[in-house]
Amino acid sequence: MAKVTGWTGKLLRVNLTTGKITTEDSMKYNKDFIGGAGLGYKVIFDEVPQGTKAFDEANKIVFAVGPLTGTTAPCSGRTNITSLGPTNPYHAVTDSHMGGNFGPWLKFAGYDAIIIEGASKSPVWLKIEDDNVTIEDASNLWGKGVIDTTHEINKIMGKEACVAAIGPAGEKMKNLASIVNTVNHSAGGHGGILGAKKLKAIGIKGTKAVHIAEGKAKDWLDLNKYMLGEIIGANNNHVVPSTPQSWAEYHSKGSRWTAQTALFWGAANPPVETGECPPGDLNKVGLRTQKAVFDLGPVAEARTVKMGGCYSCPIRCQSNLYVPELEKYGLTPYATSTCINFSAPGTAMLNGYSDGDSKGEVALITKCLGSRLADDYGIWSNYGQLPRDFKYAYSTGKLKEVLPEEEWNSIDWSLLEKGDPGWMLEFYNNLIGDGEFSHLLDGPYYLDQRWNLGEEYWNGAGNNVWSKMAYPKHHSNEAGAQVGVLVNIMFNRDANSHTHMNFIGAGLPIELLKEIAGEVWGSPDALDAPMNYTPMNEYKAKFAKWSIDRNMLHDSITLCNWVWPMTVSPSKERNYRGDTALEAKFYSLATGIEMSEEELDLQAERITTLHRALTIKNMNTIDMRNEHDYIPEWVFNVDPDKKPFTEGTVKLDREDMQLALTMLYREYGWDEKTGAPTRETYERLGLKDVADELEKLNLLP
Amino acid sequence: MSDFDTLEDAIEDVSEGEAVLENEVVLEEDNRVEPEVLIEEPEELDKVALIGLHIRESSMYGRLNNAEDFLDEPFSLEVEEALSLLEELKSRDDFSDIIFHKGKETLYMYSDKYMSNNYAKLLILVEEKDMFRMIAETVRDESKTYPRPTDARLFTKAPFNLTRSEFQQVYEELRKKEEYSDIKEVRASNQALYLFSDKFMKEALAKSLAEWIEVEAEQNP
Chain B
0 MAKVTGWTGK LLRVNLTTGK ITTEDSMKYN KDFIGGAGLG YKVIFDEVPQ
50 GTKAFDEANK IVFAVGPLTG TTAPCSGRTN ITSLGPTNPY HAVTDSHMGG
100 NFGPWLKFAG YDAIIIEGAS KSPVWLKIED DNVTIEDASN LWGKGVIDTT
150 HEINKIMGKE ACVAAIGPAG EKMKNLASIV NTVNHSAGGH GGILGAKKLK
200 AIGIKGTKAV HIAEGKAKDW LDLNKYMLGE IIGANNNHVV PSTPQSWAEY
250 HSKGSRWTAQ TALFWGAANP PVETGECPPG DLNKVGLRTQ KAVFDLGPVA
300 EARTVKMGGC YSCPIRCQSN LYVPELEKYG LTPYATSTCI NFSAPGTAML
350 NGYSDGDSKG EVALITKCLG SRLADDYGIW SNYGQLPRDF KYAYSTGKLK
400 EVLPEEEWNS IDWSLLEKGD PGWMLEFYNN LIGDGEFSHL LDGPYYLDQR
450 WNLGEEYWNG AGNNVWSKMA YPKHHSNEAG AQVGVLVNIM FNRDANSHTH
500 MNFIGAGLPI ELLKEIAGEV WGSPDALDAP MNYTPMNEYK AKFAKWSIDR
550 NMLHDSITLC NWVWPMTVSP SKERNYRGDT ALEAKFYSLA TGIEMSEEEL
600 DLQAERITTL HRALTIKNMN TIDMRNEHDY IPEWVFNVDP DKKPFTEGTV
650 KLDREDMQLA LTMLYREYGW DEKTGAPTRE TYERLGLKDV ADELEKLNLL
700 P
Chain C
0 MSDFDTLEDA IEDVSEGEAV LENEVVLEED NRVEPEVLIE EPEELDKVAL
50 IGLHIRESSM YGRLNNAEDF LDEPFSLEVE EALSLLEELK SRDDFSDIIF
100 HKGKETLYMY SDKYMSNNYA KLLILVEEKD MFRMIAETVR DESKTYPRPT
150 DARLFTKAPF NLTRSEFQQV YEELRKKEEY SDIKEVRASN QALYLFSDKF
200 MKEALAKSLA EWIEVEAEQN P
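Top to bottom, those sequences are chains B and C. Residue numbering for the first sequence follows numbering that gives the first Met the number 0, starting at 0 and increasing by one per position. Residue numbering for the second sequence follows numbering that gives the first Met the number 0, starting at 0 and increasing by one per position.
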């Protein structure tokens, strides 16, 4: 038998009910489903009975990575977690994703995945040291935050171990709970499942190598150099700098390529100047994204110790900051986070900040404090929906109505009114408390059932809730019109799919982007200019399908979809063309299995279709068009004085969106009436066993 | 230091060995960054080549050259000689990257190998010191090309470097001039000022894009 490379070829199965720990051949999944999300969907489809709820003992949770994890493929440090989603009205399958080191460490210990099943009667943690895997008592850890838990396990295993843990939110089986590794890389939505299984943490230490195919070392290095030298941009694969720079034809204020002359990591000793980082200079790729300034404003420059990030990622998007003011609140003077973890706490400051500056010192301290508390307590912001729910309930008077008077009076609302950072302690402490306020962590669907939030909550344009499935929008109609909406309807949580948005937001002029769209999806008409939309066409459906499938590919292979795919590049010599075959090239070199771009895309389509099948099984209906792929009213009602397809609006048209659904179903070979895959399509994709199972459940169109 | 003469040697040796981890040795070797040779100097340079190399070096550092630069040290040329040498430079195949642009009062030069044409265009607008045209042309270009309205704060940053009061003064004057009547303004909900050219963009589009750039993008990271 040929040596397995890329993958380890082995997975770990841990039954917390029986305490039994076994290993299995992982290649039975990897061959057809790549790894990561693909592996997770297959396990959940095959092994979790229909009707199971997220916190049931019968639910399983799968931590899985792919053949590129633990190699030196750029941006390959993420971990995919698959399980039933407690925020979803049907508890349909969801993924959560975390960066950091956990996935690579899992591979170094010799595993492609961990399947956790059953439930322990008392708190435990899982200790993995290569082949030595044990279930340890966690009674002394239960009740601790993520930071203390990580610290305690690192004292036992050594500081080189990577620890993923839940905080109080997970222990209390809150729906909006996260799993956090290395105290600051969080995966949102599955923390409560570990809580239900009484699994406090997983610590991993491994000493094994992740091999690539024999004799391919030079090809691998050449491919890495090519990608870093010519193809990759900055965070979100933005390929132009944020300011005019002499080497650059184009610039865009919204670009995450913030590096420029006289911009520093100001708290480094000595300070490090990002300078200009033109394409071709491999050693400056890591300086391109000064994300602290992007997320928190110019005041963050002097506090930036460095930009950190995940294993094997040249795009350093995780800001490491020195904020001594945090000591006043009982924290260490260091903060580290990125993106929504910084902005979500700010959304909870309904009256702004005491200094009146949304990008000032008080805002920075507040956002750093909030992000640290959220990570320590293991709270998931639900892509910023949690503070929007708080805003809605507070501003409509609903919160005062539902909170018992004693609880309302116990909260120091003056901190909120004054814009004091101390509001973060009130906010997060009450979220993990036992009062009514803590039900904000139920998530939109269950919160509405409890508090009766009303039509405006679901249909108001500013609230961003995607009804009926009750998750927030994530790069939807404002991101490529119908394309963004189609991407948003396909998942059972907010669409953590950045493929389309990275392309749209790359910073290049529209004509260039349209040319590239024509080359990748068949026609420049696949892309509209921003806020200047045209009716649906088949090329937009192809763009949407490609975006969804590449997201599935990245979550399975495992690559970071916050940077991949490389649809565009910063290279003028390449006329800004990227290389969409790079995933296949890395896959082939890692595994030794020659795989073309088209063949790998077909594998991704198989994974998307399996996800669809699993959703159908979870929801027990094939009527996806009406029951799942529902489009919220605000998509059609926004900008009341404007008509769809006029300049300056993101408003869309109902009939046009139904046509969009039909066109997307057609691209996938799904039944155009219901949006459910047909037997023919399942069999074309090698999913006959899935079709057979669904037929038994009367769930084939 | 590596015992191998070349990267290829290292890889060949590694691929023949059994006990060596491929990536470790090769990566160590490969991480050495060769200093980029930006300008290869021949042994003997004529004056035309020296001028060409000087222009390239200026472009590398984000600076334009103009014809007068060569009347000063270190070149110290007479006007006629300078013009003659520049004329010859235009025809030299080995300096085809040198771009000449006739401005209002002088000739500008840059190397498109080291400076983008668009950036050079911005620098020329700055050098010409016609602030009205500088703002209007930049705004028109952005409205037409990307398309997007222009954040007024752009003009307070490099390479424009106006102070806020200078910008305000110039902008107030510009609004009164007929030739720039296509330059219009919109404000995002946080009151940030954006400019656009109604030759290339409607106000409704400019307003919605300004709101996206200034406010909504941050709420949808």
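Just so it is clear, CB atoms sit at the ideal spot from N, CA and C, and this is done for glycine as well. Nothing here was measured: the structure is a model prediction, and the numbers come from that model.
Comparing C-alpha positions only, which one of the options sits nearest to residue i?
{"i": "Gly194 (chain B)", "options": "B:Phe263, B:Ser121, B:Gly232 and B:Thr257", "result": "B:Ser121"}
{"i": "Met551 (chain B)", "options": "B:Thr498, B:Thr590, B:Ser595 and B:Pro332", "result": "B:Thr498"}
{"i": "Pro564 (chain B)", "options": "B:Leu613, B:Met500 and B:His610", "result": "B:Met500"}
{"i": "Glu360 (chain B)", "options": "B:Met306, B:Tyr376 and B:Glu300", "result": "B:Glu300"}
{"i": "Val138 (chain C)", "options": "C:Leu122, C:Gly102, C:Phe199 and C:Ser83", "result": "C:Phe199"}
{"i": "Lys173 (chain B)", "options": "B:Gly442, B:Ile621, B:Leu609 and B:Ala261", "result": "B:Gly442"}
{"i": "Gly479 (chain B)", "options": "B:Ala528, B:Tyr456, B:Leu507 and B:Asn451", "result": "B:Ala528"}
Less than 7 Å between C-beta atoms, sequence neighbours within five positions excluded: which residues of the same chain meet that for residue i?
{"i": "Glu248 (chain B)", "result": "Lys571"}
{"i": "Trp211 (chain C)", "result": "none"}
{"i": "Lys399 (chain B)", "result": "Trp407"}
{"i": "Trp141 (chain B)", "result": "Pro122, Glu170 and Lys199"}
{"i": "Ile701 (chain B)", "result": "Limits of chain B in this structure are 0 at one end and 700 at the other, which puts residue 701 (chain B) out of reach."}
{"i": "Gly504 (chain B)", "result": "Asn235, His237 and Gly253"}
{"i": "Phe426 (chain B)", "result": "Ala347"}
{"i": "Arg31 (chain C)", "result": "For Arg31 (chain C), the predicted structure reports a pLDDT of 43, less than 50, and the residue's modelled location is therefore unreliable. A value from the coordinates is still provided. Result list for Arg31 (chain C): empty, nothing under 7 Å."}
Would residue i count as contacting chain B if we go by Cβ distances under 9 Å?
{"i": "Ser115 (chain C)", "result": "yes"}
{"i": "Thr105 (chain C)", "result": "no"}
{"i": "Asp150 (chain C)", "result": "yes"}
{"i": "Gly61 (chain C)", "result": "yes"}
{"i": "Asn22 (chain C)", "result": "Because Asn22 (chain C) sits at a pLDDT of 35, beneath the cut-off of 50, its placement in the model cannot be relied upon, and the point is left open."}
{"i": "Thr162 (chain C)", "result": "no"}
{"i": "Leu204 (chain C)", "result": "yes"}
{"i": "Ser207 (chain C)", "result": "yes"}
{"i": "Ala157 (chain C)", "result": "yes"}
{"i": "Arg147 (chain C)", "result": "yes"}
{"i": "Leu124 (chain C)", "result": "no"}
{"i": "Leu52 (chain C)", "result": "no"}
{"i": "Leu49 (chain C)", "result": "no"}
{"i": "Ser142 (chain C)", "result": "no"}
If I measure Cβ to Cβ from residue i and keep anything under 6 Å in the same chain, skipping five residues before and after, which residues do I get?
{"i": "Asn87 (chain B)", "result": "Asn491"}
{"i": "Gly434 (chain B)", "result": "Glu406"}
{"i": "Arg287 (chain B)", "result": "Ala233, Trp256, Ala258 and Cys276"}
{"i": "Gly459 (chain B)", "result": "none"}
{"i": "Met656 (chain B)", "result": "Ile630"}
{"i": "Met535 (chain B)", "result": "Gln481, Asp655, Leu658 and Ala659"}
Distance cutoff 9 Å, beta carbons only. Does residue i sit that close to anything in chain C?
{"i": "Asp294 (chain B)", "result": "yes"}
{"i": "Glu477 (chain B)", "result": "yes"}
{"i": "His184 (chain B)", "result": "no"}
{"i": "Thr7 (chain B)", "result": "no"}
{"i": "Gly383 (chain B)", "result": "yes"}
{"i": "Lys472 (chain B)", "result": "yes"}
{"i": "Tyr333 (chain B)", "result": "no"}
{"i": "Trp246 (chain B)", "result": "yes"}
{"i": "Tyr249 (chain B)", "result": "yes"}
{"i": "Ser409 (chain B)", "result": "no"}
Apart from the five residues on each side of it in sequence, which residues of its chain come closer than 8 Å, Cβ to Cβ, to residue i?
{"i": "Pro158 (chain C)", "result": "Gly61, Tyr118, Leu121, Leu122 and Val125"}
Taking 8 Å as the cut-off, does the CB of residue i come closer than this to any heavy atom belonging to the ligand FAD?
{"i": "Ser318 (chain B)", "result": "Ligands displayed in this structure: none; no statement on the ligand FAD is therefore possible."}
Chain B contacts made by the stretch 171-197 of chain C, where a contact means CB separation under 7 Å = none
task = Anything in the stretch 227-242 of chain B with a Cβ closer than 7 Å to a Cβ of chain C? List those residues in chain order, please.
result = Thr242
task = Go through the stretch 71-145 of chain C residue by residue and report every complete run of the beta strand (DSSP E) that reaches 3 residues or more, in order.
result = 97-101 and 106-110
request  = Please name the residues in the stretch 634-659 of chain B whose beta-carbon is closer than 9 Å to at least one beta-carbon of chain C, in chain order.
outcome  = Asp638, Lys641, Thr645, Glu646, Gly647, Thr648 and Val649
query = What residues from the stretch 80-105 of chain C come within 7 Å of chain B, judged by C-beta to C-beta, listed N to C?
reply = none
query = What residues in the stretch 482-515 of chain B have a beta carbon less than 7 Å from any beta carbon of chain C?
reply = Pro508 and Ile509
ask   = Going along the chain, which residues of the stretch 522-534 of chain B sit with their C-beta nearer than 9 Å to a C-beta in chain C?
value = Ala528, Pro529, Met530 and Asn531
task = Scan the stretch 208-220 of chain C for residues whose Cβ lies nearer than 8 Å to a Cβ of chain B and list them as they occur along the chain.
result = Leu208, Trp211, Ile212, Glu215, Ala216, Glu217, Gln218, Asn219 and Pro220
ask   = Taking the runs of the beta strand (DSSP E) that are 3 residues or longer, which of them lie wholly in the stretch 185-240 of chain B?
value = 198-204
Length-filtered (3 minimum) beta strand (DSSP E) runs lying within the stretch 459-513 of chain B = none
request  = Taking only beta carbons into account, state which residues of the stretch 333-349 of chain B come closer than 7 Å to chain C, listed in chain order.
outcome  = Cys338, Ile339 and Ser342
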